[in-house]
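So the protein lines, in turn, are chains A and B. Read in my numbering, the first sequence has 103 at position 92, and its numbers run on one by one without any break. Read in my numbering, the second sequence has 170 at position 163, and its numbers run on one by one without any break. Where a beta carbon is used, it is the ideal one built from N, C-alpha and C, also for glycine. What follows is a short report on a single structure.
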Amino acid sequence: MQKWILTFTAMTAMVLFCPEALAADGESGGTGMIGLGAGLAMGFAVLGGALGQGMAARAMYESVSRNPGAAPLLNGPFYVGMAFIESLVLFTLVIAYTLTQAL
Amino acid sequence: MIAAGFSWFHLIPQVDDGSLVGFDPSHSYVYVVTGFVCAMILGFCVLGRIALERAKRRDGLERYMTGNSMSFLVFGELLTGFVKGFMGDMLDKEDVRRFFPLISAIFFYILCCNLCAIVPGMLPPTDYINTNVGMAVISFLAFNYVGLSRDPVGYVKHLMGPVIWMAPLLFVIELISLFVRPASLTIRLTGNMFGDHQVFVIMSGMLDYVFPVALMLLACMVSTIQAFIFSLLTTIYIGLSVPHHDHAH
Numbered sequence: 012m013q014k015w016i017l018t019f020t021a022m023t024a025m026v027l028f029c030p031e032a033l034a035a036d037g038e039s040g041g042t043g044m045i046g047l048g049a050g051l052a053m054g055f056a057v058l059g060g061a062l063g064q065g066m067a068a069r070a071m072y073e074s075v076s077r078n079p080g081a082a083p084l085l086n087g088p089f090y091v092g093m094a095f096i097e098s099l100v101l102f103t104l105v106i107a108y109t110l111t112q113a114l
Numbered sequence: 008m009i010a011a012g013f014s015w016f017h018l019i020p021q022v023d024d025g026s027l028v029g030f031d032p033s034h035s036y037v038y039v040v041t042g043f044v045c046a047m048i049l050g051f052c053v054l055g056r057i058a059l060e061r062a063k064r065r066d067g068l069e070r071y072m073t074g075n076s077m078s079f080l081v082f083g084e085l086l087t088g089f090v091k092g093f094m095g096d097m098l099d100k101e102d103v104r105r106f107f108p109l110i111s112a113i114f115f116y117i118l119c120c121n122l123c124a125i126v127p128g129m130l131p132p133t134d135y136i137n138t139n140v141g142m143a144v145i146s147f148l149a150f151n152y153v154g155l156s157r158d159p160v161g162y163v164k165h166l167m168g169p170v171i172w173m174a175p176l177l178f179v180i181e182l183i184s185l186f187v188r189p190a191s192l193t194i195r196l197t198g199n200m201f202g203d204h205q206v207f208v209i210m211s212g213m214l215d216y217v218f219p220v221a222l223m224l225l226a227c228m229v230s231t232i233q234a235f236i237f238s239l240l241t242t243i244y245i246g247l248s249v250p251h252h253d254h255a256h
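And the structure:
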């Protein structure tokens, strides 16, 4: 656990201090950072979204397996819940796309 | 939006370099597609009217019965009953009658627009953000109109929260959440349609005949669900703005 924290901190520090290192050569690290930001944003967003949708699906399957008569009642709310969770991931997609267009 | 794919609008001359409309060509198609969608919906309305006139000439119980087998009209009645069903869960009968035209218009328009994406080479008008902003502004005006026309003092007091000494902070927070509602509606719909179409274009570039089938099935599902979500959320916002007098505020 400590090793993971250390590795993560080191990687973050590397990423954040990259522009200074590149500026020494006269290159701009700015556009690269935009692309990196877009990619990382999508990755983290999909991580959280997938976990959330997995939890919703797990709750649905458990309730239906305990009480099969609840399946027609839970059908609608299941899809509504999934769409809400998915929409949060899609907000990040819009931002990532805007960032990629600004490259 | 068309990244690597083809669309029928490329066949119209002068669209590619923007000299047809004068601005970014990838967005000028949506006006043509929206026209098709409106023509489609108008066609359905005309057919429905003809069916209604024909039904009025029958006598007895035959007057109120629909067809035995699935046809366009019966499918339209199915969707209409569905919209009325979920509206009835949120609003009372008087409000269902009053807002049914708005909610069903939003539902059918978004459904038809989204299903345009499945036709090969067409773009859904809803992947362009301005289409969805228009609908979200209408929904915003609708639920504010309901709240402000029936009980303006109560509506604003509801925004201030339960306790008077937290009112300034809570008012700002509630106002922000009020404006976030149409924003989230648009971005949800735009993101879903745009992302879906992009994934479709990129994946079918990878593996030509296997992925498009599965992705088109997914697109059917997502289109219907997103149309339902938009209209359901508008109904929920209207239901929240209707003054309820038995509130423990």
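Alpha carbon of residue i to alpha carbon of residue j, nearest angstrom
i	j	result
G46 (chain A)	M53 (chain A)	11 Å
F115 (chain B)	N75 (chain B)	23 Å
M8 (chain B)	R77 (chain A)	At M8 (chain B) the pLDDT is 34, less than 50, meaning the model places this residue with poor confidence and gives no usable figure here.
V229 (chain B)	V153 (chain B)	30 Å
P32 (chain B)	M213 (chain B)	The predicted position of P32 (chain B) is uncertain, since its pLDDT is 48 and thus under 50; a value taken from the coordinates is nonetheless stated next. Computed Cα separation, rounded: 26 Å.
V44 (chain B)	M97 (chain B)	29 Å
S238 (chain B)	Y216 (chain B)	34 Å
M167 (chain B)	P79 (chain A)	43 Å
F147 (chain B)	A190 (chain B)	10 Å
R47 (chain B)	L27 (chain A)	Position check: residue 47 (chain B) holds Met in this sequence, whereas Arg was assumed. Near 53 Å, if we compare the C-alpha coordinates of L27 (chain A) and M47 (chain B).
E181 (chain B)	G92 (chain B)	30 Å
M22 (chain A)	G128 (chain B)	44 Å
Q13 (chain A)	F19 (chain A)	10 Å
G65 (chain A)	G59 (chain A)	10 Å
A113 (chain A)	I106 (chain A)	11 Å
N86 (chain A)	M71 (chain A)	9 Å
D102 (chain B)	M142 (chain B)	20 Å
G95 (chain B)	V208 (chain B)	39 Å
F178 (chain B)	L49 (chain B)	43 Å
G43 (chain A)	W15 (chain A)	26 Å
F7 (chain B)	T73 (chain B)	Absent from the structure is residue 7 (chain B), since the part of chain B shown begins at 8 and ends at 256.
Option nearest residue i by Cα separation, candidates the options
i	options	result
C120 (chain B)	B:T133, B:M142, B:A226	B:T133
S184 (chain B)	B:A112, B:L155, B:Y244	B:Y244
R188 (chain B)	B:M97, B:F89, B:I236, B:P131	B:I236
F135 (chain B)	B:N199, B:G168, B:M97, B:R56	Correcting the residue identity first, residue 135 (chain B) is Tyr in this sequence and not Phe. Nearest C-alpha to Y135 (chain B): B:N199.
G202 (chain B)	B:Q233, B:F178, B:L176	B:Q233
S74 (chain A)	A:T109, A:F89, A:L58	A:F89
A2 (chain A)	A:L17, A:F95, A:I106, A:T109	Since the first and last residues shown for chain A are 12 and 114, residue 2 (chain A) lies out of range.
G42 (chain B)	B:C123, B:V208, B:S191, B:A143	B:C123
V53 (chain B)	B:F79, B:T73, B:M223	B:F79
L104 (chain A)	B:L148, B:Q205, B:G128	B:Q205
L110 (chain A)	A:G48, A:M12, A:G59	A:G48
A56 (chain A)	A:A107, A:Q112, A:V100	A:V100
C227 (chain B)	B:A149, B:V126, B:G55, B:L85	B:V126
F150 (chain B)	B:T242, B:M173, B:L86	B:T242
T193 (chain B)	A:S98, A:A113, A:A107	A:S98
F51 (chain B)	B:E84, B:A221, B:V140	B:E84
T138 (chain B)	B:E101, B:I171, B:L222, B:L196	B:L196
T231 (chain B)	B:D66, B:L86, B:A174	B:L86
V140 (chain B)	B:L177, B:F186, B:F178, B:K100	B:F186
Close beta carbons around residue i, own chain, < 6 Å, minus the five adjacent residues each side
i	result
R157 (chain B)	P250
I117 (chain B)	A234, F237
S211 (chain B)	F218, P219
G246 (chain B)	M97, L98
E38 (chain A)	Since pLDDT at E38 (chain A) reaches only 49, below the 50 mark, its modelled position is unreliable, and no value is offered.
Contact set for residue i: own chain, Cβ-Cβ below 7 Å, skip 5 residues either direction
i	result
A81 (chain A)	S74, V75
G63 (chain A)	I96
A58 (chain B)	L80
R56 (chain B)	none
L240 (chain B)	L192
Proximal residues to residue i (C-beta, below 8 Å), its chain only, five neighbours per side dropped
i	result
Y162 (chain B)	G154, L155, S248, P250
V90 (chain B)	F107, I110, S111, F114, S238
V144 (chain B)	P189
E60 (chain B)	none
A24 (chain A)	none
G92 (chain A)	A67
W172 (chain B)	none
L225 (chain B)	D203
K100 (chain B)	none
**Study point:** Cβ-based contacts, 8 Å cut-off: residues of the stretch 48 to 81 of chain A near chain B
**Key:** Answer in chain order: no residues at all.
Check your understanding: Mind listing which residues of the stretch 94 to 110 of chain A have their C-beta closer than 7 Å to chain E's C-betas, in chain order?
Key -> Here chain E cannot be found, since the structure's protein chains are A and B.
Check your understanding: Listed in chain order, which residues of the stretch 189 to 214 of chain B have Cβ atoms closer than 8 Å to some Cβ of chain A?
Key -> Cβ contacts with chain A: S191, I194, R195, T197, G198, N199, F201, G202.
Review point. Taking Cβ-Cβ distances below 8 Å as the criterion, which residues of the stretch 239 to 250 of chain B are in contact with chain A?
Key: With the criterion set as a beta carbon lying under 8 Å from some beta carbon of chain A, the members of the stretch 239 to 250 of chain B are L239, in sequence order.
Practice item. Below 7 Å between beta carbons is the criterion; list the residues of the stretch 103 to 116 of chain B that meet it against any residue of chain A, in chain order. Key: Of all residues in the stretch 103 to 116 of chain B, none has a Cβ within less than 7 Å of some Cβ in chain A.
Exercise for review: Name, going along the chain, the residues of the stretch 211 to 236 of chain B whose beta-carbon falls closer than 9 Å to a beta-carbon of chain A.
Suggested key: Using a CB distance below 9 Å, the part of the stretch 211 to 236 of chain B facing chain A consists of M228, V229, I232, Q233, F235, I236, ordered along the chain.
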